[in-house]
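*Asks:* Protein sequences appear in the order of chains A and B.
Take 1490 as the starting number for the first sequence in the working numbering and just add one per residue.
Take -5 as the starting number for the second sequence in the working numbering and just add one per residue.
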Amino acid sequence: GAGVSQSPSNKVTEKGKDVELRCDPISGHTALYWYRQSLGQGLEFLIYFQGNSAPDKSGLPSDRFSAERTGGSVSTLTIQRTQQEDSAVYLCASSLIAGQADEQYFGPGTRLTVT
Amino acid sequence: RKEVEQDPGPFNVPEGATVAFNCTYSNSASQSFFWYRQDCRKEPKLLMSVYSSGNEDGRFTAQLNRASQYISLLIRDSKLSDSATYLCVVNRGGYSTLTFGKGTMLLVSP
Chain A
1490 GAGVSQSPSN
1500 KVTEKGKDVE
1510 LRCDPISGHT
1520 ALYWYRQSLG
1530 QGLEFLIYFQ
1540 GNSAPDKSGL
1550 PSDRFSAERT
1560 GGSVSTLTIQ
1570 RTQQEDSAVY
1580 LCASSLIAGQ
1590 ADEQYFGPGT
1600 RLTVT
Chain B
-5 RKEVEQDPGP
5 FNVPEGATVA
15 FNCTYSNSAS
25 QSFFWYRQDC
35 RKEPKLLMSV
45 YSSGNEDGRF
55 TAQLNRASQY
65 ISLLIRDSKL
75 SDSATYLCVV
85 NRGGYSTLTF
95 GKGTMLLVSP
C-alpha cells in the first residue's frame, strides 16, 4: 500500500520567505509527527497530532513554526520568515494509533535549504 | 545528561563479524524502546522493538536493562547491507512521541 508521502521533496528558498511543507500520512493512521534532521544530527521532534489536535507542540523551535492537520489526514508545516538555521530535512511520520509501542512510518522528507 | 545517548562511531567491521551497540536513556518513565535503521539520505525505518525480556530477529538481538537504563543491539554475521546508521529510540515518558538518539554508524567492509 501507499506509504507516507511528503512534498516538495526539495525546497530552496530565500531568507525571510515563508514555506509550506506537506505530509500525507498512511490512510487510516490517526497519529502524525513532524521531525527535522539537520546535517549530521539526530532527529529533533517538532509536533505531534492525534487526529486534528496537537497534544504536544513542545518541539516547535519558535513561533515562526506552525502546523495544522485537517480531516485527520493531510498536515502542513509552515515556517514563516525562514532563517538559514532552518535548513534541514523535515520528516513526517504516521502511526496507526498514538500508542506507546506503535511503529512510526516515515516519509522520504523535504530537504529545505534557506539561502 | 542527554535524553538518549549513543556512540556515534563509525564502527568499521569486516563481513561476518559480530558487532554490538549500546545506548543509554535518561527518562526512567520511558516504556517503549526501539532500534531504527537509517540509510544514507533516506528516512528511518523500524528495525525492531525492544522488549523487557530481550528479543531476537534473525541475526539481530536487542536487550533492555531498565535498572541501568540502557539498551543494546547485537548484530551477528554482519553483511555489507547492514551498513547504515542505527538509531536508538525511546518514548517520552507518558507521551506517544519518541526521542531519537543521534545514531551509531556501522560500516561493514568486504
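We treat Cβ as the ideally placed atom computed from N, Cα and C, and that holds for glycine.
1. Taking the runs of the beta strand (DSSP E) that are 3 residues or longer, which of them lie wholly in the segment 1520 to 1575 of chain A?
2. Would proline 38 of chain B pass as a contact of leucine 100 of chain B if the rule is Cβ separation under 7 Å?
3. For cysteine 34 of chain B, report the span of its beta strand (DSSP E) as first-last.
4. Run through the DSSP bridge pairs and tell me what glutamine 1495 of chain A is partnered with.
5. Report yes if the CB atom of aspartate 1575 of chain A is closer than 7 Å to the CB atom of isoleucine 1586 of chain A, and no otherwise.
6. To the nearest angstrom, report how far apart methionine 42 of chain B and aspartate 71 of chain B are at their CA atoms.
7. If lysine 73 of chain B sits next to proline 2 of chain B, beta carbons under 8 Å apart, how far is it from one beta carbon to the other, in whole angstroms?
8. On the DSSP bridge list, what partners appear for proline 104 of chain B?
9. Hey, glycine 1540 of chain A and glycine 1560 of chain A: beta-carbon distance below 7 Å or not?
10. Considering only residues of the same chain and omitting the five flanking positions on each side of threonine 12 of chain B, which have a CB-CB separation below 6 Å?
11. Note down, in chain order, every chain B residue with its Cβ under 9 Å from the Cβ of phenylalanine 1534 of chain A.
12. By the 10 Å Cβ neighbour count, where 16 or more other Cβ atoms means buried, how is glutamine 1530 of chain A classified, buried or exposed?
13. Does the Cβ-Cβ distance between alanine 1577 of chain A and arginine 1511 of chain A come in under 7 Å?
*Replies:* Taking the definition as stated:
1. 1520 to 1526, 1532 to 1539, 1542 to 1545, 1554 to 1558, 1564 to 1568
2. no
3. Here cysteine 34 of chain B belongs to no beta strand (DSSP E), and DSSP marks it neither H nor E.
4. A/Cys1512
5. no
6. 17 Å
7. About 22 Å separates the two Cβ atoms, so there is no contact after all.
8. According to DSSP, which records beta bridges pairwise, proline 104 of chain B is partnered with nothing at all.
9. no
10. Arg70
11. Arg86, Thr91, Leu92, Thr93, Phe94
12. exposed
13. no
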